[in-house]
Amino acid sequence: MLTGFTSGASILIIASQLPQLLGLKIPSCGFDGSCYREYFLGYNSATLSLGMAAITVLIAFGKPLTMLLKKAGFRASLVTAFSKCGPLLTVIFATVAASYFGLTTQNKVAVVGLLPSGFPALSLDFMNIQKWRLLLPGAPL
Numbered sequence: 000m001l002t003g004f005t006s007g008a009s010i011l012i013i014a015s016q017l018p019q020l021l022g023l024k025i026p027s028c029g030f031d032g033s034c035y036r037e038y039f040l041g042y043n044s045a046t047l048s049l050g051m052a053a054i055t056v057l058i059a060f061g062k063p064l065t066m067l068l069k070k071a072g073f074r075a076s077l078v079t080a081f082s083k084c085g086p087l088l089t090v091i092f093a094t095v096a097a098s099y100f101g102l103t104t105q106n107k108v109a110v111v112g113l114l115p116s117g118f119p120a121l122s123l124d125f126m127n128i129q130k131w132r133l134l135l136p137g138a139p140l
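Numbered according to numbering that gives the first Met the number 0, the sequence shown spans residues 0 to 140.
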């Protein structure tokens with residue numbers, strides 16, 4: 000039962016991420032089959048290429064790299080360390096590729112953009128007394 004649940008969850012996650020992998024927006028087709036045909040033909044080739052390259056790197060850093068490094072005689076700790084670098088290298092690879100090839104401007108590959116640096120300002124706004132009085136009428140605050 001646990002295996003079936005895990006498999007179903009993984010299929011659901013994969014299916015929910017396919018539109019992002021293809022660079023598609025959320026469809027508004029309803030039950031119209033011909034609309035979905037046009038929808039899927041409007042995929043973004045740059046997004047698809049970058050996504051498939053990222054998936055390839057992640058898969059390569061799994062069992063294939065682990066088996067190759069073990070056959071080459073590396074220590075188990077180094078094999079584990081190298082195999083765990085896959086996600087980080089994938090993010091670096093995708094960032095460099097998107098920047099170098101201008102994928103964010105030319106091909107409309109969606110990126111997060113600039114992230115704010117530093118820590119957010121310390122605040123206790125979540126402790127709004129008025130909000131608690133509305134939630135708990137009659138409570139002494």
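The beta carbon of each residue, even a glycine, is placed where N, CA and C say it ideally should be.
Every value quoted in this text rests on a predicted model; they were computed, and no experiment measured them.
Roughly how many angstroms separate the alpha carbons of residue i and residue j, rounded to a whole number?
| i | j | result |
| --- | --- | --- |
| residue 66 | residue 52 | 21 Å |
| residue 99 | residue 2 | 42 Å |
| residue 122 | residue 103 | 35 Å |
| residue 7 | residue 0 | 11 Å |
| residue 84 | residue 36 | 38 Å |
| residue 105 | residue 113 | 18 Å |
| residue 58 | residue 80 | 16 Å |
| residue 17 | residue 124 | 38 Å |
| residue 115 | residue 47 | 28 Å |
| residue 32 | residue 62 | 39 Å |
| residue 194 | residue 4 | Past the edges of the chain, shown from 0 to 140, lies residue 194, and the structure says nothing about it. |
| residue 9 | residue 111 | 24 Å |
For residue i versus residue j, is the C-beta distance shorter than 8 Å?
| i | j | result |
| --- | --- | --- |
| residue 76 | residue 60 | no |
| residue 94 | residue 56 | no |
With a CB to CB cut of under 8 Å and the five nearest residues on each side skipped, what residues in its chain are close to residue i?
| i | result |
| --- | --- |
| residue 49 | 93, 96, 97, 102 and 108 |
| residue 120 | none |
Leaving aside the five residues before and after residue i along the sequence, list all residues of the same chain whose C-beta is less than 7 Å from its C-beta, in chain order.
| i | result |
| --- | --- |
| residue 13 | none |
Under the assumption that residue i contacts residue j (Cβ atoms under 8 Å), give the Cβ distance between them as a whole number of angstroms.
| i | j | result |
| --- | --- | --- |
| residue 78 | residue 68 | 4 Å |
For residue i, I'd like the list of residues in its chain whose CB is within less than 6 Å of its CB, leaving aside the five on either flank, ordered along the chain.
| i | result |
| --- | --- |
| residue 34 | 28 |
| residue 64 | 82 |
- Can you find at least 3 beta carbon pairs, one from the segment 34 to 47 and one from the segment 9 to 22, that sit closer than 8 Å? yes
- Message: Three or more C-beta pairs under 8 Å: does that hold for the segment 60 to 78 against the segment 26 to 33?
- Response: no
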